[in-house]
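My numbering applies: residue 973 is where the sequence shown begins, and numbers increase by one.
Ideal Cβ placement from N, Cα and C applies to all residues, glycine included.
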Amino acid sequence: MKIRTLTGAAALAAVAGFLYAAGEFTLPTVISPAVPVSDSSLIPQPPSTPTTFATTSAAEPLNPAGEPEWVLSMAPLTTQPPEEAAWGGVSAMEPPNGPGEILTPPAGGEVPVGEPATDATAAEQPAGWPPAPGGYDPRGCVDCINSDRLEGEPVCANGYVDTFNGGCNSTPNVFGEIDCGQTVCGEYGTFLSAGGSNFRDTDWYHFTLIQPANVTWTATGEARTRVFILQGTCPATSLGTAVADACLPATVTLNNLAPGTYSAFVGTDAFTGVACGSRYRATLTVDPCCVGPCQPGDLIESEPRCADGYVDAFNGGCNASPNVFGEIDCGQTVCGEYGTFLSSGGANFRDTDWYQFTLPQPANVTWTAVGQARTRVFILQGTCPASSLGTAVADACLPATVTINNLAAGTYSVFVGTDVFTGVPCGSRYRATLTADPCCVGPCEPGDLVEGEPLCSDGYVDAFNGGCNSTPNAFGLIDCGLTVCGQYGTFLSSGGANFRDTDWYHFTITQTSNVVWSAVGQARTRVFILQGTCPASSLGTAVADPCLPATVSINNLAPGTYSAFVGTDAFTGVPCGRRYRATLTTTPCCPVGQQPGDLVEGETDCANGYVDAFNGGCNSSPPIFSAIACNQSVAGRYGTYLSAGGASFRDTDWYRFTLPAPSDVTWTVTGEARTRAFILNAACPASSLGTAVADPCLPATVTLTGLAAGTYYAFAGTDAFTGVACGSRYRATLTTSTCSPPCDPDVNCDGAVNGFDVEATEQAINGDFSNFCQPSADLNGDGAENGFDIETEEQRVNGAPC
């Protein structure tokens, strides 16, 4: 299909009459939130600045898959590049660059080819440049934190060639990316090139301003650190620089910096004497920050970045063929990217992102987005082609917001995209938030127990947590004070019968308690508390309409194990994947259940005749211990039993830990039985350094002040030798002011040290501990779990000492 360009009266007539080329789709009727209107009334107003219009008008984002937009130009489009300073050679303020150049070295007569110090004959040198040699302090003043962006560059070494983010010092030039508000945790150092020249690892990060802003770039490193902000293509021109000694911030600030793309540079100030792998943390601050980096809790869009020839098969909604949508929940914010591009046929396209959401009851709905370009949002209803219920547009960095009150129950789409079809780089960012009042059941919250069951569908067989409705019976677990975030629905069995997905959770109380089980779901929801083996007997039930709590309470419930049930009340009509959140409350609450992030002990439950060869410490032959890391909690089990000879034994669990320096240490154990805790010296027979005992559900706590560096044992066990059921639970926490993690490179416990251990470490850093048997993935003991721990494991697997 050809693109036609119309101007003046012809353009206005075309817009007013919605002219279509042969074969183009017909726009659906647009429905406003209040008054239905016909397509013929949708006449866009002439823009105040040259703008591109399309038949996908201000009220309709729709275009047929594979077809270009019908472009109606009100005036010739102009492209105004950001104002840039004249380019020149390497100034006295610039970081050294220019592959292949040989300029005067900073000291000692050595020539770092390709990454030389600034030419001494250049313009007047700023204070502190060229850098003085040295300035390196020992490691330790820079630690990555969980929210940091990890640089990920290989550690430099003699002969290293930087093809990662060396900027103008790399051939070809290569840059990292950084966003306003983002902190990068990286590594640098100095090394010898293959030719014997002194080089430093310099890290360059591109950032883009879409409006004038005040910019600050600050870095703190384990060596004397140099920072720059630069503009232009290579060789780039310095706009500002700063230097600081190790462990102090080097900060450069530029006010009212014009829109454009710039480079932020961080490196050692010296060319020698800094160990590769030395760390830095650097932060880019921009005021105003238009669209910052994704925040914890954001829904990450994850669509591939558009480019010329791109075909959106990810979340293009009605503009994709077949239609494809993302999903979003009330209260959720999506962090995404968009832009404009040319189709394979040369037509102008924009990346449009569509997200479906469902209301189980009438609600007031708001959809708002802030983007790095002029941004269009819609709320739409119906199957494709969908009808608009409301739209809004806003300039870059301002919120585009559409609100519809008393929206009926049903499934809808929200749309976010650029408002124009040209001129927006792919990868431009937006953040968009869906608000519904009331918000029935939002996304899972931090600390929730996530159910994890596969989504039901016709023919589904629940072997996950269907309780007495599963064969064999299968239960989840929940502890007092926990909230489970789950899904349910109705479906047809393979034989055509109506089934509902029912979720059953076992819980145990060790003393007479008042118990409350409450659930809120997106469908009419039924809850039970039940006792006994299958078929279980109901002790109480409740039901509630969507978005209202179904709550059952039982007072003075005797000690024992019970089931908490949640499911739809109906057997038909509830789509699989509908959400619920359910909370178990017991008074008193014995807080001994496993929490997210806990180390699971993993020992087999004791029984008469049991021999502890797992972690019985000095009570085992030979002695055997589990490992625990600083500030780690362990969820374990214990009990009492008879030995093969008829003697009374208790299951005692011993955990080894190491202090690299004097430390205050606290060991706290809370169990379902009267519980004994010890801290002991590391020898068998061990000597007690401190002990405590507590009744069920109360903490037994041992605290030692100024404990000397060395290895110690932490003990958890029942206080009695009889009368405690095997499998009774405890939860214990080791808190120290200094601590080293246990050193065992066999992190997947398969008996071998190899690449699978590195892979298991990488999985653990990304949150999957299923193949990782150590108590913590903080293998280097710096207080954070990140890429540096993967590097540590690689070194250990390759034979490096701990």
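Within 9 Å, strictly: CB atoms of residue i and residue j
i: G1158; j: D1134; result: no
i: R1198; j: D1241; result: yes
i: V1696; j: A1666; result: no
i: Y1234; j: I1272; result: no
i: G1458; j: V1422; result: yes
i: S1490; j: T1523; result: yes
i: C1369; j: I1651; result: no
i: A1686; j: Y1627; result: yes
i: L1706; j: S1605; result: yes
i: R1648; j: A1688; result: yes
i: F1387; j: V1342; result: no
i: G1167; j: Q1304; result: no
i: G1780; j: V1572; result: With the chain covering 973 to 1774 only, the question about residue 1780 has no answer from this structure.
i: Y1402; j: Q1333; result: no
i: N1758; j: D1120; result: yes
i: V1114; j: R1277; result: no
i: A1681; j: V1674; result: no
i: N1470; j: F1543; result: yes
i: G1389; j: V1374; result: no
i: P1563; j: C1669; result: yes
i: T1474; j: G1439; result: yes
Residue i classed as buried or exposed, judged by whether at least 16 other C-beta atoms fall within 10 angstroms
i: D1517; result: exposed
i: G1504; result: exposed
i: P1268; result: exposed
i: S1535; result: buried
i: V1492; result: buried
i: S1615; result: exposed
i: D1722; result: exposed
i: E1259; result: It is worth fixing the name first, because residue 1259 is Asp in this sequence and not Glu. It counts as exposed.
i: L1427; result: exposed
i: P1019; result: Only weak support is given to the placement of P1019: the predicted model assigns it a pLDDT of 28, under 50, and the question is left unresolved by the model.
i: G1311; result: buried
i: I1300; result: buried
i: A1099; result: With a pLDDT of 27 at A1099, under the threshold of 50, the predicted position of this residue should be treated as unreliable, though the coordinate-derived value follows. A1099 comes out exposed.
i: I1737; result: buried
i: D1367; result: exposed
i: D1740; result: exposed
i: N1141; result: buried
i: G1382; result: exposed
Presumed contact (8 Å Cβ cut-off) between residue i and residue j, rounded CB distance
i: D1451; j: F1479; result: 6 Å
i: A1292; j: D1280; result: That pair is no contact at about 18 Å.
i: N1743; j: N1720; result: 5 Å
i: T1484; j: L1529; result: 7 Å
i: T1557; j: V1488; result: 4 Å
i: W1339; j: L1406; result: 6 Å
i: G1545; j: R1498; result: Not quite, the Cβ-Cβ distance comes to about 14 Å (not below 8 Å), so this is no contact.
Alpha-carbon to alpha-carbon, residue j and residue i
i: S1635; j: A1756; result: 19 Å
i: P1221; j: G1153; result: 16 Å
i: D1761; j: L1379; result: 50 Å
i: Y1582; j: T1555; result: 36 Å
i: Y1776; j: L1449; result: This structure leaves residue 1776 out entirely; the chain is present only between 973 and 1774.
i: A1585; j: C1219; result: 47 Å
i: G1161; j: F1171; result: 9 Å
i: D1829; j: P1418; result: Since the first residue of the chain shown is 973 and the last is 1774, residue 1829 is not available in this structure.
i: N1591; j: V1263; result: 59 Å
i: V1306; j: Q1494; result: 21 Å
i: D1323; j: S1316; result: 14 Å
i: T1683; j: F1447; result: 40 Å
i: G1354; j: S1360; result: 9 Å
i: D1729; j: A1208; result: 43 Å
i: G1618; j: N1580; result: 9 Å
i: N1186; j: F1179; result: 13 Å
i: P1103; j: G1239; result: Reliability of the predicted coordinates at P1103 is poor, the pLDDT of 31 falling under 50, and the value obtained from them is presented with this limitation in mind. Computed Cα separation, rounded: 11 Å.
i: F1629; j: A1404; result: 46 Å
Beta-carbon contacts of residue i that lie in its chain and below 8 Å, excluding the five residues immediately before and after
i: N1137; result: E1123, E1125, V1146, F1147, G1148, D1175, W1176, Y1177
i: F1693; result: T1612, S1620, F1621, R1622
Proximity test, Cβ basis, 9 Å: residue i and chain C
i: F1350; result: Looking for chain C here will not work: only one protein chain is present.
Same chain, Cβ closer than 7 Å to residue i, five either side skipped, listed in chain order
i: F1297; result: N1287, G1289, W1326, Y1327, Q1328, S1385
Residues near residue i in its chain [Cβ-Cβ closer than 6 Å; skip 5 each side]
i: G1060; result: Note that G1060 scores 27 on pLDDT, short of 50, meaning its location in the model is unreliable; the coordinates nonetheless yield the value given after this. The answer is none, since no qualifying residue turns up.
i: A1247; result: G1161
i: P1547; result: G1461
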